[in-house]
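Read the structure below first, then the notes.
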DNA sequence: ATAACACGCAACCCACAGGTTGCACTTGAC
DNA sequence: GTCAAGTGCAACCTGTGGGTTGCGTGTTAT
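Protein chains in written order, with this note's numbering: chain A, 0 to 117; chain B, 0 to 117.
Structure, rendered in structure tokens:
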């Protein structure tokens with residue numbers, strides 16, 4: 000186990016957002032998704048940063064539940080995990096809908112008020 | 000006008016993600032969405048930070064297209080803008096689906112290979 | 001057995017995001 | 001006309017996120 004000990008979606012969304020905020024991390028995810036499998040070392044020499052940097056990024060991604068690594072012999076294979084991403088996508092979508100709803104309501108009220116005073 | 004001069008969704012998504020990564024900024028958005036309307040000064044004394052801090056956050060949110068401000072007399076009214084958020088939500092959703100697809104393919108191949116060698 | 005490869009840990013560096021304070025400039029109220 | 005409210009701009013401070021290097025530890029190959 001690595002992340003998520005219950006506690007509702009809010010916590011997770013937070014981690015996912017901060018994780019995705021970094022471009023390097025997004026590139027790592029892209030490569031991982033494309034290859035389906037990769038070690039920190041492998042990923043490192045596909046990017047202009049050291050292995051340690053990659054390791055740190057993977058740690059962040061893992062804490063967000065976006066990635067998970069399993070030891071295979073002397074190396075650690077990392078894989079992408081869609082669940083957390085999907086959760087966050089839904090959260091965001093709901094939020095957008097909520098904003099829309101509120102804006103619509105406000106607009107309606109404004110028009111009503113305008114009609115009132117004429 | 001404030002943000003977005005064409006250039007495809009990628010750019011925008013980047014800004015939105017970094018904007019949403021900060022908890023203070025998310026709170027600001029919540030308050031804005033709830034009130035439908037607010038000035039930097041108003042927002043500031045609802046939070047434990049200075050007006051200037053709020054102004055900077057609003058600038059970031061505006062650059063991401065999540066918010067827009069209009070001058071009304073001596074104050075500037077800020078409003079929430081769902082469009083950018085919605086775009087990002089879709090992007091994320093698509094990405095999640097993409098990951099799922101790839102993982103499914105890989106699993107299928109693995110099973111095929113296993114069946115092969117037995 | 002030993003060399004090479006991959007990982008884990010720790011110390012360290014530095015740019016910059018988030019925050020503050022102070023002051024000048026408009027705009028509205030009285 | 002004058003005072004207060006609200007904004008805009010700039011300088012400044014500080015923690016930390018992203019990065020590096022160095023070294024010790026396991027694991028596989030020869």
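Cβ atoms here follow ideal geometry from the backbone N, Cα and C, with glycine treated the same way.
In the DSSP assignment, residue 33(A) falls within the unbroken alpha helix (DSSP H) covering 22-34. The beta carbon of residue 54(B) lies closer than 6 Å to those of 39 in the same chain, with the five residues before and after it left out. Going by beta carbons, residue 95(A) and residue 22(B) fall outside the 8 Å limit. Secondary structure of residue 73(A) (DSSP, three-state): coil. Along the region 30-41 of chain A, going in chain order, the ones with a CB nearer than 7 Å to a CB of chain B are 32 and 35. For residue 16(A), the nearest CB of chain B lies under 8 Å from its own CB, placing it at the interface with that chain. Taking residue 48(A) as the centre and dropping the five residues before and after it, the same chain places the C-beta of 23 closer than 8 Å to its C-beta, in chain order.
Less than 8 Å separates the beta-carbon of residue 83(A) from that of residue 64(A). For residue 66(B), no Cβ of chain A is located within less than 8 Å of the residue's own Cβ. The beta carbon of residue 15(A) sits closer than 6 Å to the beta carbons of 63, 83 and 87 from its chain, once the five residues preceding and following it are set aside; these are given in chain order.
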